[in-house]
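Asks: Take a look at this one; I'll ask things after.
In the UniProt record's numbering, the protein residues as written are 1 to 601.
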C-alpha cells in the first residue's frame with residue numbers, strides 16, 4: 001500500500017513534490033521516491049509488503065516506461081509466469097514489475113487479467129503519453145487536477161489543495177450523502193477518477209480522455225440449485241481469501257461479531273500453517289458491543305485474538321486524526337472506530353483481512369428488509385399513497401417517520417432508492433440530483449427492487465463511502481487492509497444468484513450463513529446485526545455538546561452553500577433537548593465545519 005504523485009506543472013519543484021508527499025507520509029513511510037523525466041515529475045511513498053528489498057522502490061522503470069503505483073495485484077504470480085513463458089525477464093519479486101512488463105506487452109488488455117486493488121500511472125517517455133487506472137471497485141483512491149494542459153495526480157486530495165477553491169456542488173452533495181462521490185471532489189477542478197475507469201493523457205496534444213473498462217452489467221440469473229450455488233460461492237470465497245494471504249510482512253484479520261469477517265477469518269485460519277492473528281474492539285455499552293461473540297469465534301477457529309474495550313474518550317480523541325487523514329468532508333461516523341482498530345492492529349501486523357463488501361452483494365443491510373416490507377405500497381396509485389401519507393394516518397398505522405412519509409410521496413421505485421441513499425431529511429434549501437447522472441445504471445441492470453438497491457449500494461455507497469473509509473483509516477497507521485468480498489468475481493457471481501438464495505423469510509445473507517455454519521455453529525453467530533457503530537446520538541448531547549455548539553456558529557453556517565440554516569438550527573435544538581434524533585445532519589455539519597477550519601476556507 002502506497003501513495004502516488006505525478007505532475008507536469010513546471011513551477012512545482014522536486015522539493016515541493018517531496019513536501020507534498022510528506023503531508024501524506026503515513027501512506028508509505030518505508031521510502032519516498034521522486035523522479036524527473038522530461039517535463040514530468042513522478043513521486044511515490046512506499047509501504048513495503050512484497051519484495052521488501054530497495055530494488056522494488058518506486059518510481060520504477062522498464063524499457064521506455066515509468067510507473068508509480070499504489071495497491072496489490074493478488075494474481076501477479078500467475079501473470080508473471082505467463083510473461084516469463086513469453087520470454088520476459090524479471091529483476092524483482094514485486095507485483096510492480098509485473099504491471100510494468102504486463103502493460104508493455106498487452107497494453108490496456110492487461111486490465112482484463114489483473115485482480116486486485118490498485119491505482120497507478122505509467123508514463124511512456126517515447127510517446128509522451130500517460131496511462132492511469134483505478135481498480136474496479138475504487139478500493140484505492142485517485143485524485144487529479146487538469147486545467148489548460150496542467151496535470152497533477154495524487155492518492156489523496158490534500159497535496160493538490162494549494163490555491164484551490166471549494167466546489168460548492170460537491171458540498172451540496174455531501175450535505176445529502178455524507179461523502180463526496182466520484183467524479184467529484186471537494187475542490188474545484190480536482191476530480192476523482194471513477195472506479196473501473198482508465199485515463200489517457202497526451203502531453204503533446206494536451207488531451208485527457210477517461211474510458212470505462214469494467215462495470216456492473218445486466219443481471220443474468222443462474223439456474224443452479226441452491227446447494228450448487230452455495231458450493232460455488234464457498235469455493236470462490238476460499239480462493240479470494242487465499243490469494244490475499246500473500247505477504248512478506250506479518251498478517252492478521254479483523255474479527256467482529258458479524259458473519260462476513262467470521263467467514264474470512266475461518267477460511268484464513270484453515271489456510272495458514274500458523275495461528276491467525278485476529279483483532280476486535282468492544283464497547284462498554286452492551287448495545288454496541290460484539291466483542292464477546294468475536295471471542296467465541298476466535299476460540300473455535302483457534303486464532304490469536306486481541307480484544308480492546310473502548311471508552312468514549314478513546315474514540316473521540318481520534319477526531320483530529322479523522323479530519324487530517326480523510327482530507328475531504330466525510331461523515332460516516334464508523335470512521336472513528338475504524339481508525340481505532342487500525343491503530344491497534346498495526347501494533348502487531350502490517351496486513352489485515354476484513355469482511356467489508358459482504359453486506360452489499362449478499363443482502364445484509366436493514367434497509368433491504370424495510371424495502372421488502374414497503375414495496376407493496378407501489379401497487380397503489382400515487383394519489384392513494386399521497387392520501388396515506390397524512391401524518392394522522394401514518395401515526396395510526398404506526399409508520400410515523402420521515403422515511404415512510406417521503407416514500408409514500410415518491411413517484412417511482414427508482415426515485416425511492418435514490419432518496420434512500422441520499423437521505424429523506426434534507427437540510428438544503430433546494431435539492432439537485434443532477435450529479436446522479438453518473439449513477440443511473442441501477443435502473444436497467446435488474447428489474448428486481450432489492451437487486452436495484454444492492455447495485456446502487458455498490459456503485460454509490462460502497463465505492464465512495466465504505467472503501468474511502470477503510471483506505472484512509474488503515475493508511476493513517478500504515479496498515480494494509482485486504483477485503484476478499486470486494487473481489488470482483490464474488491460481486492459478479494453474487495448478482496447472478498436469485499434473491500431468495502441471499503434473502504429468505506427475513507433471513508439476510510442466507511447463503512453466507514449456511515457457509516459459515518460449516519466453520520462455526522449457528523447458535524454462536526445467530527446474533528442481531530449491530531454494525532460498526534458508536535452511540536453518537538448521545539455523545540452529541542453530552543461529551544461533544546460544547547465542541548459542536550462552538551463549531552456550528554453563525555459565521556460558519558453562513559458559509560455553507562445551499563444550507564437551510566433555520567431548519568438546521570431547529571433540528572440541532574430538538575436533538576440537544578432530546579426531543580428528536582438528528583444525528584446524521586448534525587454530524588455532517590460538524591465534520592464540514594472542522595474541514596473548513598483545517599483547510600482555511
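Note that the Cβ used here is the ideal one computed from N, Cα and C, for glycine as well.
Since the model is a prediction, treat every value here as computed from it, not as a measurement.
Considering just the uninterrupted stretch of the beta strand (DSSP E) at residue 482, what are its terminal residues?
Replies: 480 to 482 is the span of the beta strand (DSSP E), which, as asked, contains residue 482.
Asks: Between which two residues does the beta strand (DSSP E) harbouring residue 44 extend?
Replies: Unbroken beta strand (DSSP E) run through residue 44: 40 to 46.
Asks: Rounded to the nearest angstrom, how far is the Cβ of residue 277 from that of residue 348, given a contact under 8 Å?
Replies: The pair is a contact, with the Cβ atoms about 6 Å apart (cut-off 8 Å).
Asks: With a threshold of 8 Å on Cβ separation, who are the neighbours of residue 17 within its own chain once the five nearest residues in sequence on each side are excluded?
Replies: 5, 7, 34, 41, 43.
Asks: Does the region 56 to 68 come close enough to the region 108 to 116 to have 3 or more Cβ pairs within less than 8 Å?
Replies: Contact between the region 56 to 68 and the region 108 to 116 is absent, because fewer than three Cβ pairs lie under 8 Å.
Asks: Residue 83: which of 95, 69, 66, 101 sits nearest, CA to CA?
Replies: Among 95, 69, 66, 101, the Cα nearest to that of residue 83 is on 101.
Asks: Tell me residue 35's beta-bridge partners as DSSP assigns them.
Replies: Residue 35 is bridged to 42.
Asks: Could I get the ranges of all uninterrupted alpha helix (DSSP H) runs contained in the region 219 to 307, with 4 residues as the minimum, in chain order?
Replies: If we require 4 residues or more, the alpha helix (DSSP H) runs fully inside the region 219 to 307 come out as 226 to 242, 259 to 271, 291 to 301.
Asks: By DSSP, does residue 468 sit in helix, in strand, or in coil?
Replies: It is helical.
Asks: Taking 6 Å as the limit between beta carbons, can you name the residues of its chain near residue 568, skipping five residues before and five after?
Replies: Within the same chain, residue 568 has close Cβ partners 427.
Asks: If you count every other CB in all the chains shown that lies within 10 Å of the CB of residue 207, and 16 or more means buried, which is it?
Replies: Exposed, since its Cβ has fewer than 16 Cβ neighbours within 10 Å.
Asks: Take the Cβ of residue 384 as the centre, count every other Cβ of all protein chains shown within 10 Å, and call the residue buried at 16 or more, exposed below.
Replies: Residue 384 comes out exposed.
Asks: Would DSSP call residue 116 helix, strand or coil?
Replies: Correct three-state label for residue 116: strand.
Asks: What did DSSP end up calling residue 328 once you bin it into helix, strand or coil?
Replies: Coil, per DSSP.
Asks: Just reading off the alpha helix (DSSP H) that residue 592 is part of, what are its end residues?
Replies: Its alpha helix (DSSP H) spans residues 583 to 598.
Asks: DSSP three-state call for residue 317: helix, strand or coil?
Replies: In the structure shown, residue 317 sits in coil (DSSP, three-state: anything other than H, G, I, E or B).
Asks: Please tell me whether residue 417 and residue 353 are closer than 8 Å, where the distance is taken between their beta carbons.
Replies: It is not a contact, given that the beta carbons lie outside the stated cut-off.
Asks: Only counting the same chain, and skipping five residues up and downstream in sequence, which positions put a Cβ closer than 6 Å to that of residue 478?
Replies: Answer for residue 478: 26, 29, 47, listed in chain order.
Asks: Helix, strand or coil: how does DSSP classify residue 162 here?
Replies: Coil.
Asks: Residues in the same chain with beta-carbon distance under 7 Å from residue 268, minus the five sequence neighbours each way, listed in chain order, please.
Replies: Excluding residues within five positions, the ones whose Cβ falls inside 7 Å are 241, 245, 253, 276, 353.
Asks: Kindly indicate which residue of 445, 248, 430, 449 has the alpha-carbon position closest to the one of residue 415.
Replies: Nearest C-alpha to residue 415: 449.
Asks: Which class does residue 70 belong to by DSSP, given the choice of helix, strand or coil?
Replies: Looking at residue 70 - three-state DSSP - the assignment turns out to be strand.
Asks: Enumerate in chain order the residues of its own chain whose CB-to-CB distance from residue 323 is below 7 Å, with the five nearest sequence positions on each side excluded.
Replies: Only 594, 595, 598 meet the Cβ criterion.
Asks: Under 8 Å by Cβ, that's how I've got residue 195 and residue 182 pegged, so tell me the actual separation to the nearest angstrom.
Replies: At roughly 7 Å, the Cβ-Cβ gap stays under 8 Å, so residue 195 and residue 182 are in contact.
Asks: Are residue 230 and residue 520 touching if we call contact CB-CB under 8 Å?
Replies: Not closer than 8 Å, so no.
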